[in-house]
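Asks:
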Amino acid sequence: MFGPLVSKPGSSRNNKTGSWRAGLKPKFLRKNCIACKMCLLVCPEDCIRGEGKNTYDCDYAYCKGCGGCVKVCPKADIVMVKEEENSK
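Just so you know, we're using this note's numbering here: the sequence shown kicks off at 29 and counts up by one.
Have a look at this one:
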């Protein structure tokens, strides 16, 4: 029986999964954010980061576009938008 093969520990940062998005990505409006950090907690890729006071954004190189952050935002300050052709 074989277990999982890991060639280099910590190599997941090299595996950019943003190309998996199916046409939509989150856009952080930065108008009504109350810094509740719910978006950070639900992100399965841990790609959302604070950019300053009540200002969050995500690293699209890793964002899969699941929309979890949009669903949990109590202020509706994150929306899903169409993927631009050259933004990946």
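Note that beta-carbon positions come from the ideal geometry of N, C-alpha and C, so glycine has one too. Everything numeric in this text was worked out from a predicted model, so none of it was measured.
Hey, would you say residue 97 sits closer than 8 angstroms to residue 106, going by beta carbons?
Replies: One-based indexing of the sequence shown puts residue 97 at position 69. One-based indexing of the sequence shown puts residue 106 at position 78. Their beta carbons are under 8 angstroms apart, which means residue 97 touches residue 106 by this criterion.
Asks: What is the residue span of the beta strand (DSSP E) that residue 86 lies within?
Replies: Numbered from its first residue, the sequence shown carries residue 86 at position 58. Element bounds for residue 86: 83 to 86.
Asks: Looking only at its chain, what residues have a beta carbon closer than 8 angstroms to the beta carbon of residue 114, apart from the 5 residues adjacent to it on each side?
Replies: The residue you call residue 114 lines up with position 86 of the sequence shown. Confidence at residue 114 is low in this model, with a pLDDT of 49, below 50, so its placement is unreliable and the value that follows should be read with caution. Here the set comprises nothing.
Asks: Could you tell me the alpha carbon to alpha carbon distance between residue 101 and residue 66, rounded to whole angstroms?
Replies: Numbered from 1 along the sequence shown, position 73 holds the residue referred to as residue 101. Numbered from 1 along the sequence shown, position 38 holds the residue referred to as residue 66. Approximately 7 angstroms, taken between the alpha carbons.
Asks: Excluding the 5 residues flanking residue 69 on each side, which residues of the same chain have their C-beta closer than 7 angstroms to its C-beta?
Replies: Taking the sequence shown and counting its residues from 1, one reaches residue 69 at position 41. Nothing listed; no residue qualifies.
Asks: Using DSSP with H/G/I as helix, E/B as strand and the rest coil, what is residue 52?
Replies: The residue labelled residue 52 in the question sits at position 24 within the sequence shown. Looking at residue 52 - three-state DSSP - the assignment turns out to be strand.
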